[in-house]
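Asks:
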Amino acid sequence: MAEFGLIGLGVMGKSLARNLADKGFALALYNRRVDGLEEEVAQNFIKEYPELSSAVGFEALGAFVGALEKPRRIFIMVKAGAATDAVIDNLLEYIEADDVIIDGGNAFYKDTDRRFNTLKERGVHFVGSGVSGGEEGALKGPSIMPGGSKRSFEIVSPYLTAIAAKDKNGQACCAHIGIGGAGHFVKMIHNGIEYAEMQLLAELVTILKSMYGLTQNEIADIFTQWTSSESNSYLLEITADILRKKEGDKFLLDSILDQAGNKGTGGWSTAAATELGVPATMIASALFARYTSAWRNERLEASQIYKWDGLNSASFEIESLRAAYQAARIINHHQGFHLIDEASKKYQWHIDLSELARVWTNGCIIRSHLMESLVDVLKSTNRLLINASIHKQVNAQLGSLKHLCALGNKTSTPMPCFQTAFQFILAYSTEKSAANVIQAQRDYFGAHTYKHVDDPSGPSHHTIWNND
Ligand code: NBP
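FYI, in the numbering used here the residues of the sequence shown are 2 to 469.
#1: Starting from the Cα of GLY171, find the closest Cα among LEU254, TYR348, SER434 and GLY364 and give me that residue.
#2: If you drop the 5 nearest sequence neighbours on each side, which residues of the same chain put their C-beta closer than 6 Å to that of HIS335?
#3: Unbroken alpha helix (DSSP H) runs of length 4 or more, entirely within the stretch 132-176: which are they?
#4: To which residues does DSSP link LYS452 through a beta bridge?
#5: Tell me which residue opens and which closes the alpha helix (DSSP H) that TRP193 is part of.
#6: For ASN32, is the beta carbon positioned less than 6 Å from some heavy atom of ligand 1?
#7: Is GLY135 near ligand 1 - that is, is its Cβ less than 6 Å away from at least one heavy atom of it?
#8: If you compare alpha carbons, which of PHE446, ALA329 and ILE96 is closest to GLU204?
#9: By a C-beta neighbour count over all protein chains shown, 10 Å radius and 16 as the cutoff for buried, is PHE446 buried or exposed?
#10: Across the stretch 419-428 and the stretch 395-404, are there enough close Cβ pairs to call them in contact, namely three or more that are closer than 8 Å?
#11: Just to confirm, does ALA87 get its C-beta within under 6 Å of one of the non-hydrogen atoms of ligand 1?
#12: Looking only at its chain, what residues have a beta carbon closer than 8 Å to the beta carbon of LYS246, apart from the 5 residues adjacent to it on each side?
#13: Could you name the residues of the same chain whose beta carbon sits closer than 7 Å to that of HIS463, not counting the 5 residues immediately before and after it, in chain order?
#14: Within this structure, are the beta carbons of ILE47 and LEU53 separated by less than 7 Å?
#15: Below 7 Å between beta carbons: does that hold for GLY214 and SER314?
#16: In whole angstroms, what separates the C-alpha of SER381 from that of SER256?
#17: So for ARG300, helix, strand or coil by DSSP?
#18: In whole angstroms, what is the alpha-carbon distance linking LYS393 and MET2?
#19: Within 8 Å, do at least three Cβ pairs link the stretch 65-80 to the stretch 98-112?
#20: Go ahead and pull the three-state DSSP assignment for ILE341.
#21: Whole-angstrom Cβ separation of PHE486 and GLY9, contact assumed at under 8 Å?
#22: Give me the DSSP bridge partner(s) of LYS251.
#23: At a cut-off of 6 Å, is VAL66 close to ligand 1 when judged by its beta-carbon and the heavy atoms of the ligand?
#24: By the DSSP assignment, the beta strand (DSSP E) with ARG123 in it spans what residues?
#25: Helix, strand or coil for TYR326? Go by DSSP, reduced to three states.
#26: Assuming the contact rule is C-beta atoms closer than 8 Å, GLY182 and ASP114 should be a hit. Round their C-beta distance to whole Å, please.
#27: Considering only the alpha carbon of each residue, which of ALA358, LEU62, ILE366 and ALA389 lies closest to LEU375?
#28: Using 7 Å as the threshold, is the C-beta distance between HIS191 and SER133 below it?
#29: Which stretch, first to last residue, makes up the beta strand (DSSP E) that contains ILE180?
#30: Relative to the C-alpha of VAL57, which residue among ASN32, ALA324 and TYR95 is closest?
#31: Thinking ALA281 and THR271 are a contact (beta carbons under 8 Å), I'd like their distance in whole angstroms, please.
#32: In the DSSP assignment, what residue or residues form a beta bridge with LEU7?
#33: Which same chain residues, not among the five before or five after LEU277, have their C-beta less than 7 Å away from its C-beta?
#34: List the whole-angstrom C-beta distance separating ASN388 from LEU354, where the pair is believed to meet the contact cut-off of C-beta under 8 Å.
#35: Per DSSP, which residues does VAL438 bridge with? Please list them.
#36: Check the C-beta distance from ALA197 over to ASN333 and give it rounded, since I have them as a contact under 8 Å.
Put into structure tokens, the structure is as follows:
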């Protein structure tokens, strides 16, 4: 009998299967059959890799489930959405109470919650698990964020922790996140944080090219130097590689169309931020920067009619630029963890932010020195920017961020995420905000009332503003 089953042998499923087999688990593998197109996918895949020699392949779901030990542990790695529902519906014919289904796809957390509750009624455990690391991570050790009941985590944790990446202390980058949709929620925000981390790096490339007049190789060298600093991250490392990559005698980057795609998780994160009332402005800014890039024809048209002063060169110390970058990254992480904290409170997930940061220190796309340092910081606070040690760091960097943003405006260099970071910290640290004007306007036209500054939790007031 097989101890662990896997459904969906696409890019991620194949890598996870090989990772599981490498750890010595007896596997049953299933991929759907589509006559003439997808035939004997699992059987053929098993023949390709020696480590899979003891795995068994299926294209009939009943036989696949029948080959699994009870309680069955079934990992689904198919396209998120309707395909996941179709697979679960088909499985229901064969599985029974106490079996565990793990969905490792990028599911929307509210779908995961719905599936969790539906399957609970039948006594089946449902684990909605974030998996990060891409194809290589899935093979060598991803970061895994399982959500579901504690009992279901106990049943599947030996498998998930065995294949997960290891943190610097040798502990698996996999931990129980919370019930219901918690695992997929944090994976969604992981991707949101990733959007802003990527956008900041893309903006740095523009800044170093247009403001500093540097070549791609020179920029790559700067990024490589930064890998020995507190700014090191997986995304910084790969961006240095990308900058150096040539096709023939031409940089590959120059041949890549400047229109960013997305698979929806940045939009979901932004929607969650609006639903929870959390100012995740960096994620939203990075998302909208992608959208702006995607309207390429309009951009080209606008570029003909809006003429900016030439991009005059302007530069300041590279170390100050790095400091500005680090401050913006901290602000992004502050917002991302704030968003998770608010969702955790609303849905009673009891997410341990420090443990989550630890799970993100290896195997995932946003692993970084900063994330490693946050493991400790998040033990004592849920709000990074308020923490004394983070405040000390950021305070020393804010002058550089302010200077960079001023230079960006002076030289007409687009840097939406850097500007958003600075505007956020300005507003966040403002004792007296402009919101009294907003409240007065709301009360004027809509009788929405306002609170008095001397009695914030007291009664609401309404004023007749216009006596005419
Ligand atoms: P792929 O597109 O490579 O594979 C998709 C798999 O889903 C294939 O095995 C496909 O079967 C199967 N499938 C589909 Br599509 N519709 C199905 C259905 N109705 N019934 C049964 N099987 C069905 O995707 P992937 O990159 O492996 O991603 C899988 C999941 O993991 C997605 O949710 C993705 O968002 C998530 N994810 C991906 C990454 C990444 O870096 N790629 C990272 C983290 C998470 P077929 O072969 O017969 O078409």
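Idealized CB from N, CA, C, for every residue including glycine.
Replies: Short version:
#1: GLY364
#2: LEU385 and LEU386
#3: 135-141 and 151-164
#4: SER461
#5: The identity of residue 193 in the sequence shown is Gly, whereas the question assumes Trp. From DSSP, the alpha helix (DSSP H) with GLY193 extends over 183-207.
#6: yes
#7: yes
#8: ALA329
#9: exposed
#10: yes
#11: yes
#12: PHE252, LEU253 and LEU254
#13: ASP444, ALA448 and THR450
#14: yes
#15: yes
#16: 47 Å
#17: helix
#18: 57 Å
#19: yes
#20: helix
#21: The first residue shown for the chain is 2 and the last is 469, placing residue 486 beyond what the model contains.
#22: GLU248
#23: no
#24: Note, ARG123: premise wrong, no beta strand (DSSP E); not H, not E.
#25: helix
#26: 4 Å
#27: ALA358
#28: yes
#29: ILE180 -> no beta strand (DSSP E), and no H or E assigned at all.
#30: ASN32
#31: 7 Å
#32: LEU30 and PHE76
#33: LEU340, GLU343, ALA344 and LYS347
#34: About 12 Å; that fails the 8 Å criterion.
#35: DSSP output for VAL438 lists no bridge partner at all.
#36: 4 Å
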